[in-house]
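As structure tokens, the structure follows; a few thoughts come after it.
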Amino acid sequence: MILILLGPPGAGKGTQARLIERDYGIVQLSTGDMLRELAQQDSDLGQEVRQVLEAGQLVSDDLIARMISDRIGREDCRNGFLLDGFPRTLVQAHLLDEMLDRKGLTLNAVIRLAVDEEVLVERITGRFTCAKCGEGYHDKFKQPAKEGVCDRCGSTEFKRRKDDNPETLKTRLFAYYKDTAPLIGYYHAYRMLSTVDGMADIGDVTKAIQAVLEA
Ligand code: AMP
Numbered sequence: 001m002i003l004i005l006l007g008p009p010g011a012g013k014g015t016q017a018r019l020i021e022r023d024y025g026i027v028q029l030s031t032g033d034m035l036r037e038l039a040q041q042d043s044d045l046g047q048e049v050r051q052v053l054e055a056g057q058l059v060s061d062d063l064i065a066r067m068i069s070d071r072i073g074r075e076d077c078r079n080g081f082l083l084d085g086f087p088r089t090l091v092q093a094h095l096l097d098e099m100l101d102r103k104g105l106t107l108n109a110v111i112r113l114a115v116d117e118e119v120l121v122e123r124i125t126g127r128f129t130c131a132k133c134g135e136g137y138h139d140k141f142k143q144p145a146k147e148g149v150c151d152r153c154g155s156t157e158f159k160r161r162k163d164d165n166p167e168t169l170k171t172r173l174f175a176y177y178k179d180t181a182p183l184i185g186y187y188h189a190y191r192m193l194s195t196v197d198g199m200a201d202i203g204d205v206t207k208a209i210q211a212v213l214e215a
């Protein structure tokens, strides 16, 4: 199964991707995670990516396409994969079509998480993750059961993304509306798009996605 999760920053793509990964045994491929890893490298490319990420802009289509093409060729993607954060531009969508074609693979569904813009600032600025296992938390909506201890792995270290601040979010949202939102029309035209209410509780969103996948 090959899926795309589409939605603005803070729509819940990462959260849902992790749950789908667990339930369906397909790999979550988050281009944001891959780039954050790359940004830690002490190289020219690492520095370049770090600057783009911190500014909330998009890295080049070319770099992203090479990263994804390489990644989906690996063994753990044989059962399928879930694209979280890619494609983000029409050029990337075309590159993905070509990539899948070349590899003899077919896209099964594009799931759009629809959310009201008003909730995004609060969702984004309050979120943090376990530094060890990546479990997601939120200052207001999802604190660990025991303060300072990860529910999932027991780690006591947490981290926050540098680009999760109101100022950078403005640039990220601008990029979303300008470059990514046109993909809604693109996949709708190909009858690939299903829209799910991303304002519902996490569990209800997961159920709605499952219903799409089972349909
Ligand atoms: P995310 O974790 O999906 O919110 O992505 C974090 C940041 O990584 C974005 O704000 C972009 O700077 C960059 N990024 C992630 N995916 C892409 C992509 N497909 N194309 C361009 N830039 C991306």
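Numbering (our numbering), first residue to last: 1 to 215. Note that beta-carbon positions come from the ideal geometry of N, C-alpha and C, so glycine has one too.
For residue j and residue i, the rounded distance between their alpha carbons
i	j	result
I184	T129	29 Å
P166	R160	13 Å
A70	Q92	The amino acid at residue 70 is misidentified as Ala; the sequence shows Asp. Each residue's Cα considered, the two are about 15 Å apart.
R50	P87	20 Å
G25	M1	10 Å
Y177	L90	12 Å
L82	L19	11 Å
M199	A211	17 Å
L35	L45	10 Å
Q47	Q143	33 Å
R102	R74	15 Å
A39	I68	16 Å
T206	D197	10 Å
A109	S194	7 Å
L63	G203	34 Å
L213	I111	9 Å
Per-residue burial, residue i [other beta carbons within 10 Å of its own, 16 or more giving buried]
i	result
F174	exposed
T156	exposed
G7	buried
G10	buried
V59	buried
Y190	exposed
R172	buried
Sequence-distant residues of its chain with Cβ nearer than 8 Å to residue i (five each side left out)
i	result
E122	K140
A131	S155, E157, F158, K159
K170	G56
H138	R123, G126, R127, F128
First through last residue of the beta strand (DSSP E) which encompasses residue i
i	result
Q88	It is worth fixing the name first, because residue 88 is Arg in this sequence and not Gln. Element bounds for R88: n/a, residue is neither H nor E.
L105	No beta strand (DSSP E) contains L105, which DSSP labels as neither H nor E.
R127	127-130
L29	27-30
V196	193-197
L58	Counting along the chain, L58 falls outside any beta strand (DSSP E), and DSSP gives it neither H nor E.
D84	81-84
Neighbourhood of residue i by C-beta, 6 Å cutoff - its chain only, sequence neighbours within 5 removed
i	result
C77	V27
E135	C150, R152
L95	A65
E21	Q28
T168	G56
Delimiting residues of the alpha helix (DSSP H) encompassing residue i
i	result
Y137	Here Y137 belongs to no alpha helix (DSSP H); instead the beta strand (DSSP E) covers 136-138.
L6	Looking at the DSSP string, L6 is not in any alpha helix (DSSP H); the run it does join, the beta strand (DSSP E), is 2-6.
T180	Unbroken run through T180: none, as it is neither H nor E.
G225	Nothing can be reported for residue 225, as the shown portion of the chain is limited to 1 through 215.
Closer than 8 Å to chain C by CB, residue i
i	result
K207	Annotation note: the requested chain C is absent from the structure, which comprises a single protein chain.
Contacts around residue i, its chain only, beta-carbon distance under 7 Å, and the 5 residues preceding and following it disregarded
i	result
D84	L5, K13, G14, A17, Q28, L29, S30
L105	I2
D61	T89, V91, Q92, L95
G80	M1, I2, I26
Integer-rounded CB distance, given that residue j should sit under 8 Å from residue i
i	j	result
D163	L53	6 Å
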